[in-house]
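> Chains as they are written, first to last, in the UniProt record's numbering: chain A, 1 to 231; chain B, 1 to 261.
One structure is given below, represented as structure tokens, and several questions about it will come after.
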Amino acid sequence: MSVAEQSIAGAEARGHGFMASSVGRKVVMAATGIVLFGFVTVHMIGNTQAYLGAESFNGYAKFLHTMLHGAGIWIFRAVLLAATGLHIWAAVSLTLANQAARPVGYRAQQPVASTWASRTMRWSGFILAAFIVYHLLHLTTGQAHPNFDPANPYANFVSAFKVPAAVGFYIVAQLCLGLHMWHGVWSFTQTLGLTHPRYDSLRRNFATGLTLLVVGVNISYPIAVLTGFIH
Amino acid sequence: MAKHINLTLHVWRQKNAKCDGKFVEYPAADISPDMSFLEMLDVVNEGLIRKGEEPITFDHDCREGICGQCGMVINGRPHGPKERTTSCQLHMRSFKDGDTITLEPWRAEAFPVLKDLMVDRGAFDRIIAAGGFISAPTGSPQDANALPIPKENADLAMDAAACIGCAACVAACPNASAMLFVSAKISQLALLPQGQPERYIRVRDMVAQMDAEEFGTCTNHSECEAACPKGIKMENIARMNRDFIKASLTYRPPTGGGGAG
Ligand code: HEM
Ligand code: SF4
Ligand code: FES
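And the structure:
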């Protein structure tokens, strides 16, 4: 065996597949993160139908449920479920490895370049996971909704935001989404190796712009309901 | 002559890898601002030796910022408060009379503390041994321009090769990740023609060894880049990731066919 072959055999013998490696799990995190932030962006755009009134909004909901003879929504759900599961798996396994890598901390460590968003990814992600469960029970299946009507998504949406506690959690979750996206969108370009000095400021600006847009529009819904603009 | 200053040091003292350590306070009196940080420690150590106490152990060698030995966390920052500066090149004029300075060793599972501020950085050597080289037959030197290399690549490779293996990147990273170091060592070869034959095996092997050493993984905090005394850029990590993805996608198990010999 050549030196090169020996070294490959060595890596294989250590059971070091893509999904077990540090970079591989980071790539899983980034790829599933792209699926998830693609979804939240499309979801935000779709919901702007709320500003066009009950008919448009319910028509859009109906379209989602009937596209591809009803198979479309299940394909979306399967992809999202797989992406969320893999994302959480990668997040948990990398976080545990990272914590084990520094068992004794510093007395006086000073952050220099990291951001509050980058340091709180685990927390913003955890709150997002809780929010996703709540959000599904709230507006998809209705168990967490005071007066849920499966036939009228628009009415569900409007009455949901008349409950102050629900609005509070919704807004907190959106702010967490903002933190998570702002670091995540920039971060995945680095993880996937999509960097070049010419585009570095573009990467930052893209993350900032997309985050402000998604979070801003999402937070506008409860505000529009509370101020009676949507009723 | 500049006015001398007095400082208080809080130094991590640890007898060996097995013992627990603790912070001990020492005065550093009558320090010239023209001294380097290590010279200040030498003065403190001479005082300790004269009193019959154990001097503070720290790694050092060149004292001119090229060997990468003098790693220590000074007031929460690897190599101290100045950008692009190793501890040995840090001068006491960066501190004020009356300052308190906390000194800690690099903190990582992969770098056991040997004594006080000195850690075992053997993990870096094993990562290099796993692939950070080229297998070239030796012989008489080639003509300097026999291999055309784009100027840009030569410059980028040279920038990556500036890494002195000090491990400040690991020390600064909240995840104790070694990716800046490993990516610099991968990039300096990946950018040059001599590095091509083993390029994709190298990245797999070095990443595998990095993981086996139980370093953490990058979450793109950028602390490494800010701490690096040699200005190694995170662009190298992106290049390493790119090569690793390509290597994983295109890898073929060895077959032994094709007229091996
Ligand atoms: C479901 C609950 C979630 C958890 C527990 C979670 C957790 C995490 C963690 C721990 C990281 C790594 C932090 C880092 O690399 O700095 C991360 C990265 C990321 N997350 Fe999430 N997250 C969740 C949901 C989401 C959602 C809804 C999106 C999309 C809007 C998203 C997009 C991303 C992206 C793009 C990254 C960056 C990947 C990279 O570093 O290359 N995550 N997530
Ligand atoms: S990349 Fe910079 S900080 Fe890390 S080992 Fe090399 S010189 Fe030191
Ligand atoms: S002692 Fe050599 S770099 Fe500081």
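Ideal placement from N, C-alpha and C gives every residue a C-beta, glycine not left out.
Since the structure is predicted, the reported quantities are computational estimates derived from the model, not experimental observations.
(1) Could you name the residues of chain A that B/Gly-102 contacts, counting a contact when the two beta carbons are closer than 7 Å?
(2) Examine chain B for any beta-carbon lying closer than 8 Å to the beta-carbon of A/Gly-24, and answer yes or no.
(3) Short of 8 Å in beta carbon distance, which residues of its chain neighbour B/Glu-64, apart from the five on each side in sequence? Order them along the chain.
(4) So the beta strand (DSSP E) residue 276 of chain B belongs to, where does it begin and stop?
(5) Counting C-beta neighbours from all protein chains within 10 Å, is the total for A/Gln-174 16 or more, i.e. buried, or is it exposed?
(6) Please report the residue range of the alpha helix (DSSP H) in which B/Pro-27 lies.
(7) Compile a chain-ordered list of the residues in the stretch 205-234 of chain B whose CB is closer than 9 Å to at least one CB of chain A.
(8) Label B/Cys-166 either buried or exposed according to how many other C-beta atoms from any shown protein chain fall within 10 Å of its C-beta, with 16 as the threshold for buried.
(9) Could you please give me the residues that DSSP links to B/Glu-225 through a beta bridge?
(10) In angstroms, rounded to a whole number, what distance separates the CA positions of A/Thr-66 and A/Ile-75?
(11) If you drop the 5 nearest sequence neighbours on each side, which residues of the same chain put their C-beta closer than 6 Å to that of B/Arg-242?
(12) Select from B/Asp-97, B/Val-182, B/Ser-187 the residue whose C-alpha is nearest the C-alpha of B/Asp-155.
(13) With DSSP collapsed to three states, give me the class of B/His-91.
(14) Once DSSP output is grouped into helix, strand and coil, what is the label at A/Trp-89?
(15) In terms of residues, what are the limits of the alpha helix (DSSP H) holding A/Thr-115?
(16) Here's the rule: buried if 16 or more other CB atoms are within 10 angstroms of the residue's CB, otherwise exposed. What is A/Trp-182?
(17) If A/Gln-110 and B/Gly-76 are in contact, beta carbons under 8 Å, what's the gap, nearest whole angstrom?
(18) Terminal residues of the continuous alpha helix (DSSP H) containing A/Thr-41?
(19) For a contact defined as C-beta to C-beta under 9 Å, what are the partners of A/Met-181 on chain B?
(20) Do you know how far the Cα of B/Lys-151 is from the Cα of B/Pro-81?
(21) How would you list, in chain order, the residues of chain A whose beta-carbon sits under 9 Å from the beta-carbon of B/Ser-187?
(22) Using a Cβ cut-off of 7 Å, pull out every chain B residue sitting near A/Pro-103, in sequence order please.
(23) Beta-carbon within less than 6 Å of B/Arg-84's beta-carbon, same chain only, minus the 5 sequence neighbours each way: which residues are those?
(24) Going by the beta-carbon positions, is the gap between B/Glu-213 and B/Ile-127 smaller than 8 Å?
(25) My parser needs the alpha helix (DSSP H) runs of 4 or more residues fully inside the stretch 122-203 of chain B; what are they?
(26) In terms of residues, what are the limits of the alpha helix (DSSP H) holding B/Thr-219?
(27) Helix, strand or coil: which one does DSSP assign to A/His-65?
(28) Checking contacts by CB at 8 Å: is B/Ala-176 closer than that to chain A?
(29) The beta strand (DSSP E) with B/Ile-101 in it runs from where to where?
(30) Evaluate A/Arg-25 with the Cβ neighbour count: other Cβ atoms within 10 Å of its Cβ, from every protein chain shown; 16 or more gives buried, anything less gives exposed.
(31) Between B/Phe-37 and the rest of its own chain, which residues show a CB-CB distance below 6 Å, the 5 nearest in sequence each way excluded?
(32) Hey, how far is the Cα of A/Ala-61 from the Cα of A/Leu-96?
So, from the data block:
(1) Per the sequence presented here, residue 102 of chain B reads as Thr, with Gly not at that position. Residues of chain A with a Cβ closer than 7 Å to the Cβ of B/Thr-102 are, in chain order, Arg-107, Ala-108.
(2) At least one chain B Cβ lies under 8 Å of A/Gly-24.
(3) Here the set comprises Cys-88, Gln-89.
(4) Residue 276 of chain B lies beyond the residue range present for chain B, which begins at 1 and ends at 261; the question has no answer from this structure.
(5) Under this definition A/Gln-174 is a buried residue.
(6) From DSSP, B/Pro-27 is part of no alpha helix (DSSP H) but of the beta strand (DSSP E) over 22-31.
(7) Residues of the stretch 205-234 of chain B with a Cβ closer than 9 Å to any Cβ of chain A, in chain order: Asp-205, Val-207, Ala-208, Gln-209, Met-210, Asp-211, Ala-212, Glu-214, Phe-215, Gly-216, Thr-217, Cys-218, Thr-219, Asn-220, His-221, Ser-222, Glu-223, Cys-224, Glu-225, Ala-226, Ala-227, Lys-233, Met-234.
(8) With 16 or more Cβ atoms within 10 Å of its Cβ, B/Cys-166 is classed as buried.
(9) Partner(s): none; B/Glu-225 has no beta bridge.
(10) Rounded to whole angstroms, A/Thr-66 and A/Ile-75 show a C-alpha spacing of 12 Å.
(11) The answer is none, since no qualifying residue turns up.
(12) The option with the nearest alpha carbon to B/Asp-155 is B/Ser-187.
(13) Correct three-state label for B/His-91: strand.
(14) A/Trp-89 falls in the helix class under three-state DSSP.
(15) Run containing A/Thr-115: none; DSSP gives neither H nor E here.
(16) Buried is the call here.
(17) A Cβ-Cβ distance of about 4 Å is found for the pair A/Gln-110 and B/Gly-76, placing them in contact under the 8 Å criterion.
(18) A/Thr-41 -> alpha helix (DSSP H) spans 22-47.
(19) Per Cβ cutoff of 9 Å: no residues; A/Met-181 is ~14 Å from chain B at best.
(20) Approximately 34 Å, taken between the alpha carbons.
(21) Counting only Cβ-Cβ distances below 9 Å, B/Ser-187 has no contacts in chain A at all, with the closest Cβ about 12 Å away.
(22) The contact set of A/Pro-103 on chain B, defined by CB atoms closer than 7 Å, consists of Glu-109 in chain order.
(23) Setting aside the 5 residues that flank it on each side, B/Arg-84 is surrounded in the same chain by Pro-229, Gly-231, each with a C-beta closer than 6 Å to its C-beta; the list follows chain order.
(24) Here B/Glu-213 is near B/Ile-127, since their CB atoms are less than 8 Å apart.
(25) Unbroken alpha helix (DSSP H) runs of no fewer than 4 residues, entirely contained in the stretch 122-203 of chain B, are found at 122-129, 151-161, 168-172, 179-190, following chain order.
(26) In this chain, B/Thr-219 is not harboured by any alpha helix (DSSP H), its DSSP state being neither H nor E.
(27) Of the three classes helix, strand and coil, the one that applies to A/His-65 here is helix, per DSSP.
(28) B/Ala-176 counts as touching chain A.
(29) Its beta strand (DSSP E) spans residues 100-104.
(30) The Cβ neighbour count for A/Arg-25, taken over all protein chains shown within 10 Å, is at least 16; the residue is labelled buried.
(31) Closer than 6 Å at Cβ, skipping near neighbours: Ser-87, Leu-90.
(32) Cα-Cα distance, rounded: 40 Å.
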